Amino acid sequence: MQLHDVWFVLIAFLWTGYFFLEGFDFGIGVLTKLLARDRRERRVLINTIGPVWDGNEVWLISAAGATFAAFPEWYATLFSGFYLPLLVILVCLIVRGVAFEYRHKRPEERWQRNWEQAIFWASLVPAVLWGVVFGNIVRGVPIDAHKEYVGTLLDLFNPYALLGGLVTLTLFTFHGAVFASLKTVGDIRGRARKLATVLGLVSAVLVVGFLGWTQVDQGDGTSLIAVIVAVVALVAALVANARGREGWAFAFSGIAIAAAVTMLFLTLFPNVMPSTLNESWSLTVSNASSSPYTLKIMTWGAGIAAPLVMLYQAWTYWVFRKRIGTQHIAESH
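Counting in the working numbering, the sequence shown runs from 24 upward without gaps.
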């Protein structure tokens with residue numbers, strides 16, 4: 024295995040970690056409308072991710088930065104061809120972060136309601152668009168001989184990619200509902216478990232359809248194993264949720280997300296962005312990568328920094344591991 028192969032695996036790992044962690048963040052944001060009944064319950068949900076949401080986004084920064092440094096041609100084609108969807112995602116992440124920080128700055132109901140609307144939409148839209156983006160990366164897009172995207176915005180919203188968007192939305196919201204049941208007490212905990220059952224069943228149908236479509240078009244024996252793991256983990260999450268084993272349900276829903284993302288990267292390799300115009304014009308791990316010296320320096324840096332970041336984030340989750348409920352929320356918030 025050469026260094027560009029290693030960095031493909033590392034980038035796949037970073038995206039998997041991002042969707043595992045930010046997935047329930049997005050899910051909680053969507054659930055502020057679907058699950059919470061009043062302002063205090065919305066505050067409970069927001070507080071479940073309050074200490075960790077910004078740390079979860081470090082995985083996105085790392086994935087984008089690693090792509091830029093290890094595969095500059097991939098980064099350039101991706102961010103130019105997918106400019107508008109990625110810009111919308113970026114704006115949503117900025118608005119969402121501001122909303123978390125500003126919502127409680129003033130007690131007026133209108134002020135808080137507006138920021139809560141921002142949290143909902145800035146969570147829902149990226150949850151859909153990430154599925155659209157990765158659906159197109161795996162399916163392939165019009166790339167010419169100069170490694171440039173020559174399609175239009177409408178080309179990105181094809182049936183396969185839109186199905187991918189529905190998969191990420193429902194799967195992340197299910198993941199968020201399981202996380203909410205794990206982190207809360209009282210009535211909201213029971214309702215989160217019930218809603219998780221519904222969301223999990225919908226997710227299972229969509230996941231089977233999307234991954235099955237991908238497997239038929241581009242899969243092999245290895246990717247089939249990932250599909251099976253994703254489906255089995257999703258079923259196990261539903262069973263654990265029904266039995267009130269919330270920790271296991273969260274672990275299995277996370278495994279389902281990780282297996283689904285892994286399956287997409289397995290079907291993608293050795294390409295990083297397939298061309299639908301001519302297979303020889305596709306971006307691959309070899310023709311889109313940086314020099315071996317650059318990859319070597321990056322490998323040493325990542326080997327030192329990555330474990331430290333992961334240990335710190337694990338410590339953060341341990342410190343803020345306790346459940347919360349409406350009794351912990353002041354009336355004015």
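No residue lacks a Cβ here, since even glycine has one placed at the ideal position from N, Cα and C. These numbers come from a predicted model, not from an experiment.
Counting along the chain, residue 296 sits inside the beta strand (DSSP E) bounded by residues 294–296. Inter-residue distance for residue 253 and residue 70 is about 29 Å (C-alpha atoms, whole angstroms). The residues 183, 184, in chain order, have a CB closer than 7 Å to that of residue 162 in the same chain once the five nearest residues on each side in sequence are set aside.
Closest option to residue 285, judged by alpha-carbon separation, among 269, 246, 211, 316: 246. For residue 222 against residue 197, the beta-carbon gap comes to about 4 Å, under 8 Å, which counts as contact. Looking at the DSSP output, residue 190 sits in no beta bridge, so it has no partner there.
Residue nearest to residue 31 within the set 92, 54, 57 is 92 (criterion: CA-CA distance). The Cβ atoms of residue 218 and residue 200 sit closer than 7 Å to each other. When DSSP states are grouped into helix, strand and coil, residue 75 belongs to the coil group. Sequence-distant Cβ neighbours of residue 346 in its own chain, meaning closer than 7 Å and more than five residues away, are 206, 207, 208. One thing to note: residue 135 has its Cβ within 7 Å of the Cβ of residue 126. Looking at the DSSP output, residue 166 bridges to 172.
Proximity of the region 90–106 to the region 303–310 meets the contact definition, three or more beta-carbon pairs being nearer than 8 Å.
For residue 214, the enclosing alpha helix (DSSP H) has its first and last residue at 210–241. By the neighbour-count criterion, in which a residue is buried when 16 or more other Cβ atoms sit within 10 angstroms of its Cβ, residue 24 is exposed. When DSSP states are grouped into helix, strand and coil, residue 306 belongs to the strand group. Counting C-beta pairs with one atom in each stretch, the region 75–83 and the region 40–56 have three or more that are closer than 8 Å, which means they touch. Secondary-structure assignment with DSSP links residue 347 through a beta bridge to 207. Non-local C-beta neighbours of residue 158 in its own chain, meaning closer than 6 Å and more than five positions away in sequence, comprise 183, 184, 187, ordered along the chain. With respect to the 7 Å criterion, residue 256 and residue 275 are classified as neighbours on the basis of their beta carbons. When the alpha-carbon of residue 291 is set against those of 280, 338, 251, 242, the nearest one is in 242.
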